[in-house]
Amino acid sequence: MAHDVIVIGGGGAGMSAAHSAREQGASVLVLERAPADRRGGNTAFASGTFRMVHHGAPDIKAVVPDLTDDEIARTDFGQYSAGDYFDDLGRITQYAIDPDLAEVLVHNSADTVRWLQQRGVRFLPNYGRQAYKIDGRFKFFGGSVIYANGGGEGLMDAHFKAAERSGIEIRYNARGTDLLQGEHGIEGVRALVDGKTHEFRARAVVLASGGFEANREWRTRYLGPGWDMAKVRGTRYNTGDGLRMALEVGAQPFGQWSGCHSCAWERNASDFGSVDTRHNGFRHSYPFGIVVNSHGNRFLDEGADFRNFTYAKYGRVILQQPGGYAWQVFDAQVKHLLRDEYGMGGATRVQADTLEGLVAKMQDVDAGQFERTVAAYNAAIARDVPFNPNAKDGRRTRGLEVDKTNWASALEVPPFEAYSVGCGITFTFGGVKIDTTARVLDIDDQPLTGLYAAGEMVGGIFYFNYPGASGLMSSAVFGRIAGREASNFSRRSS
Numbered sequence: 300m301a302h303d304v305i306v307i308g309g310g311g312a313g314m315s316a317a318h319s320a321r322e323q324g325a326s327v328l329v330l331e332r333a334p335a336d337r338r339g340g341n342t343a344f345a346s347g348t349f350r351m352v353h354h355g356a357p358d359i360k361a362v363v364p365d366l367t368d369d370e371i372a373r374t375d376f377g378q379y380s381a382g383d384y385f386d387d388l389g390r391i392t393q394y395a396i397d398p399d400l401a402e403v404l405v406h407n408s409a410d411t412v413r414w415l416q417q418r419g420v421r422f423l424p425n426y427g428r429q430a431y432k433i434d435g436r437f438k439f440f441g442g443s444v445i446y447a448n449g450g451g452e453g454l455m456d457a458h459f460k461a462a463e464r465s466g467i468e469i470r471y472n473a474r475g476t477d478l479l480q481g482e483h484g485i486e487g488v489r490a491l492v493d494g495k496t497h498e499f500r501a502r503a504v505v506l507a508s509g510g511f512e513a514n515r516e517w518r519t520r521y522l523g524p525g526w527d528m529a530k531v532r533g534t535r536y537n538t539g540d541g542l543r544m545a546l547e548v549g550a551q552p553f554g555q556w557s558g559c560h561s562c563a564w565e566r567n568a569s570d571f572g573s574v575d576t577r578h579n580g581f582r583h584s585y586p587f588g589i590v591v592n593s594h595g596n597r598f599l600d601e602g603a604d605f606r607n608f609t610y611a612k613y614g615r616v617i618l619q620q621p622g623g624y625a626w627q628v629f630d631a632q633v634k635h636l637l638r639d640e641y642g643m644g645g646a647t648r649v650q651a652d653t654l655e656g657l658v659a660k661m662q663d664v665d666a667g668q669f670e671r672t673v674a675a676y677n678a679a680i681a682r683d684v685p686f687n688p689n690a691k692d693g694r695r696t697r698g699l700e701v702d703k704t705n706w707a708s709a710l711e712v713p714p715f716e717a718y719s720v721g722c723g724i725t726f727t728f729g730g731v732k733i734d735t736t737a738r739v740l741d742i743d744d745q746p747l748t749g750l751y752a753a754g755e756m757v758g759g760i761f762y763f764n765y766p767g768a769s770g771l772m773s774s775a776v777f778g779r780i781a782g783r784e785a786s787n788f789s790r791r792s793s
């Protein structure tokens, strides 16, 4: 049986495309490579946070209807204008982002969150991760306020429940291998389903099967030496299948194929993520401590910006250190600021009442240089500047080879703790080129008839780094557009 639209990939982008196509009246088939109990792509592993344009409490209340008057009274949600969003996207990507795609992402962000809410996604304010309580009041920072209830797994559960209600067909253990071409352009997909080859015909195809972060060979080929040793934070099924299929039919490679989202991750984590323990490997409280390599030296500015704007590039920096690992070090003064995952199982953690005792347990760190590094760091802090975790407080060091520009808290109150981290890769930045209606373009910038793309498969959005919570937002925005446009094309060509 032919379908109007086939979506390859059942993550956040793919399911957004499927819903959007279905609400236009299209018959939709989703081919999901994973089995049903591992469905959801990388989105299932995400924190579920969305970066959207908003202008304060009324806009947040519109997407979080359960927000109480008391919560509103004790919270400063701030506001995040379209101009703020553009500034962050430009600054964080070193202004390499495709301006047309940026326009689409920013101006569709708020409406897409409301659309997801109408599909059954419940949103909550991200207290504790994006806002600390100071003097009895929460203040959000970094431009990201809401997250899907249940995180990425909860988001995907809502997607699949909505799909069941609306009659979207889903085939699991279905790995796309080839796009079928005909006189009308892309006319379907060849796939292995439970190990057997099937051909599925459709008037339009949406590619939403992720990047190549779970493919060791491709990581080394495109990201460079050493990347075969990175840990994959998310799904094992994003091995570049959709990218390969698109390139084979003439799609234009686009974006930063040598770039990726990578962060500080539990050094001894398993090779691939687990949805059941998807947060356990996060080590994102480094702005409140210091990070040292095996030589005992600091090598990055832990306080360069809010975590949202630095964490996705620091995994690469850690991988480049001797041995590809580092240690995050904290004292008792900031213990209460550490994110929940520091207390979860599986952490490579050491603790001691003295710095000498601590480094003795950090067995792969130069002890003498570590002690000198901490002494120099403590002496260089501008202690007359108040410490404030909700703002870039300017409490910095001066005169060090690598200065810390915010949140410099001296390591002097025991007990001391250190956590060993490596590089965790989340998704790759290189993809295929699309236009603002999500049509895949060829090398001459002409659309490949009947082919659309969304999510990690899209190149040109993220370069070098990314603003936290913009990945899920981008997947939903372009997934929604891809599904709508694929359905419209299917209707016109019927």
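Taking the working numbering, the leading residue of the sequence shown gets 300, the next gets one more, and so forth. Just so you know, even glycine gets a beta-carbon here, dropped at the ideal spot from N, CA and C. All values derive from a computational prediction rather than experimental measurement.
1) From this set, R697, E655, S593, F422, which residue's C-alpha is nearest A409's C-alpha?
2) Buried or exposed for T342, going by 16 or more other Cβ atoms inside 10 Å?
3) Taking the alpha carbon of I469 as the reference point, which residue from V304, R697, G730, A737 has its own alpha carbon closest?
4) Which word fits K612, buried or exposed, when buried means at least 16 other C-beta atoms lie within 10 angstroms of its C-beta?
5) I need the straight-line Cα distance from A401 to F777, nearest angstrom please.
6) Between G340 and N537, which are expected to be in contact by the criterion C-beta below 8 Å, what is the C-beta distance as a whole number of angstroms?
7) Go ahead and pull the three-state DSSP assignment for Q650.
8) Where DSSP assigns a beta bridge to D477, which residues make up the other side?
9) With a threshold of 8 Å on Cβ separation, who are the neighbours of V363 within its own chain once the five nearest residues in sequence on each side are excluded?
10) If you draw a straight line from the C-alpha of A345 to the C-alpha of A312, how long is it?
11) Closest by CA to S264, which one among H354, R489, A603, Q417?
12) Below 6 Å CB to CB, which residues in the same chain sit around S319 once its five sequence neighbours on both sides are set aside?
13) Can the beta-carbon of A317 be found less than 7 Å from the beta-carbon of I467?
14) Does the separation of the CB atoms of F763 and G602 fall below 7 Å?
15) Helix, strand or coil for P621? Go by DSSP, reduced to three states.
16) Which of the three DSSP states is assigned to P746 in this structure?
17) Between G723 and R532, which are expected to be in contact by the criterion C-beta below 8 Å, what is the C-beta distance as a whole number of angstroms?
18) Could you name the residues of the same chain whose beta carbon sits closer than 8 Å to that of G441, not counting the 5 residues immediately before and after it, in chain order?
19) Using three-state DSSP, classify E655 as helix, strand or coil.
20) When the Cα atoms are used, what is the spatial distance from K360 to G347?
21) At which residues does the alpha helix (DSSP H) containing K360 begin and terminate?
22) What first and last residue would you give for the alpha helix (DSSP H) that runs through H406?
23) What did DSSP end up calling R535 once you bin it into helix, strand or coil?
24) Only counting the same chain, and skipping five residues up and downstream in sequence, which positions put a Cβ closer than 7 Å to that of L599?
25) Does the beta-carbon distance from A709 to L657 come in below 7 Å?
26) Enumerated in chain order, which unbroken segments of the alpha helix (DSSP H) with a length of 4 residues or greater are wholly contained in the stretch 558 to 627?
27) DSSP beta-bridge partners for L423?
28) Exposed or buried, which one is Y394 when buried takes at least 16 other CB atoms within 10 Å?
29) Would you say V412 and Y379 are within 7 Å of each other, going by their C-beta atoms?
30) I think Q620 touches N592, with their Cβ atoms under 8 Å apart; what is that distance to the nearest whole Å?
31) Pull up the CB-CB distance for S443 and S774, whole angstroms please, since I reckon it's below 8 Å.
32) Pairing CB atoms from the stretch 502 to 511 with CB atoms from the stretch 741 to 759, are three or more of them under 8 Å?
33) To the nearest angstrom, report how far apart A681 and W706 are at their CA atoms.
34) DSSP on V712, reduced to helix/strand/coil?
35) When you compare the CB positions of I307 and G487, do they come within less than 7 Å of one another, or not?
36) Give me the residue from V739, D369, R350, H594 with the minimum Cα distance to T671.
This is what the structure gives:
1) As a first step, residue 409 is located in the sequence shown; it is residue number 110 there, counting from the start. Nearest to A409 by C-alpha distance, out of R697, E655, S593, F422, is F422.
2) Residue mapping note: residue 342 aligns to position 43 of the sequence shown, counting from 1. For T342, the number of other beta carbons within 10 angstroms of its own is at least 16, and it is reported as buried.
3) Counting from one through the sequence shown, the residue named residue 469 turns up at place 170. Each of V304, R697, G730, A737 was checked against the Cα of I469, and the nearest Cα belongs to V304.
4) Reading the sequence shown from its first residue, position 313 is the one you call residue 612. It is buried - the Cβ of K612 has at least 16 other Cβ atoms within 10 Å.
5) For the purposes of this step, residue 401 is taken as the residue at position 102 of the sequence shown. For the purposes of this step, residue 777 is taken as the residue at position 478 of the sequence shown. Near 11 Å, if we compare the C-alpha coordinates of F777 and A401.
6) On the sequence shown, residue 340 is found 41 positions in, with the first residue counted as 1. On the sequence shown, residue 537 is found 238 positions in, with the first residue counted as 1. That pair is a contact at about 7 Å.
7) Within the sequence shown, residue 650 is the residue found at index 351, counting from 1. The answer is strand: DSSP assigns Q650 an E or B state.
8) Your numbering for residue 477 matches position 178 in the sequence shown. DSSP, once it has assigned bridges, lists R489 as partnering D477.
9) Within the sequence shown, the letter at position 64 stands for residue 363. Correct list, in chain order: F422, L423, P424, I445.
10) Taking the sequence shown and counting its residues from 1, one reaches residue 345 at position 46. Taking the sequence shown and counting its residues from 1, one reaches residue 312 at position 13. Each residue's alpha carbon lies about 13 Å from the other.
11) No statement about residue 264 is possible, as the shown extent of the chain runs from 300 to 793 and does not include it.
12) Translated into the one-based positions of the sequence shown, residue 319 becomes position 20. Spatial neighbours of S319 in its own chain (CB-CB distance under 6 Å, excluding positions within 5 residues in sequence) are listed in chain order as R779, G782, R783.
13) Position 18 of the sequence shown, counted from the first residue, corresponds to residue 317. Position 168 of the sequence shown, counted from the first residue, corresponds to residue 467. Yes, they are a contact pair.
14) Reading the sequence shown from its first residue, position 464 is the one you call residue 763. Reading the sequence shown from its first residue, position 303 is the one you call residue 602. Their beta carbons are not under 7 Å apart, which means F763 does not touch G602 by this criterion.
15) Here the question's residue 621 lines up with position 322 in the sequence shown. P621: helix per DSSP, three-state reduction.
16) In the sequence shown, residue 746 corresponds to position 447, counting from 1. In the displayed model, P746 falls within a strand according to three-state DSSP.
17) Looking up residue 723 in the sequence shown gives position 424. Looking up residue 532 in the sequence shown gives position 233. Their Cβ separation, rounded to whole angstroms, is 4 Å, which keeps G723 and R532 in contact under 8 Å.
18) Position 142 of the sequence shown, counting from 1, holds the residue named residue 441. If you ignore the 5 residues before and after G441, its C-beta comes within less than 8 Å of the C-beta of Q429, F605, R606, N607, F608, G767, all in its own chain and listed in chain order.
19) Translated into positions along the sequence shown, residue 655 becomes position 356. Helix at E655.
20) Your numbering for residue 360 matches position 61 in the sequence shown. Your numbering for residue 347 matches position 48 in the sequence shown. Approximately 18 Å, taken between the alpha carbons.
21) Numbered from 1 along the sequence shown, position 61 holds the residue referred to as residue 360. Start and end: 356 to 362.
22) The residue you call residue 406 lines up with position 107 of the sequence shown. Counting along the chain, the alpha helix (DSSP H) containing H406 begins and ends at 398 to 417.
23) On the sequence shown, position 236 is the one that residue 535 refers to. R535 falls in the coil class under three-state DSSP.
24) Translated into positions along the sequence shown, residue 599 becomes position 300. Closer than 7 Å at the Cβ level, and outside the excluded window around L599, lie V590, Y613, V616, V701.
25) The residue you call residue 709 lines up with position 410 of the sequence shown. The residue you call residue 657 lines up with position 358 of the sequence shown. It is not a contact, given that the beta carbons lie outside the stated cut-off.
26) Correct list: 610 to 618.
27) Position 124 of the sequence shown holds residue 423. Paired residue(s): Y446.
28) The residue labelled residue 394 in the question sits at position 95 within the sequence shown. Taking all protein chains in view, the Cβ of Y394 is surrounded by fewer than 16 other Cβ atoms within 10 Å, so the residue is classified as exposed.
29) As a first step, residue 412 must be located in the sequence shown, where it is residue number 113. As a first step, residue 379 must be located in the sequence shown, where it is residue number 80. If you check the CB distance, V412 and Y379 do not come in under 7 Å.
30) As a working note, residue 620 is residue 321 in the sequence shown. As a working note, residue 592 is residue 293 in the sequence shown. Confirmed, Cβ separation roughly 4 Å.
31) Numbered from 1 along the sequence shown, position 144 holds the residue referred to as residue 443. Numbered from 1 along the sequence shown, position 475 holds the residue referred to as residue 774. Actually they do not touch by this definition, with Cβ atoms about 15 Å apart.
32) Yes, the stretch 502 to 511 touches the stretch 741 to 759.
33) Indexing the sequence shown from 1 puts residue 681 at position 382. Indexing the sequence shown from 1 puts residue 706 at position 407. The alpha-carbon separation between A681 and W706 amounts to approximately 10 Å.
34) As a position in the sequence shown, residue 712 is number 413, starting the count at 1. Taken through DSSP and simplified to helix, strand or coil, V712 comes out as coil.
35) Here residue 307 corresponds to residue number 8 of the sequence shown, with the count starting at 1. Here residue 487 corresponds to residue number 188 of the sequence shown, with the count starting at 1. Result no, Cβ atoms of I307 and G487 do not sit closer than 7 Å.
36) Counting from one through the sequence shown, the residue named residue 671 turns up at place 372. At residue 671 the sequence reads Arg, which differs from the Thr that was named. Among V739, D369, R350, H594, the Cα nearest to that of R671 belongs to H594.
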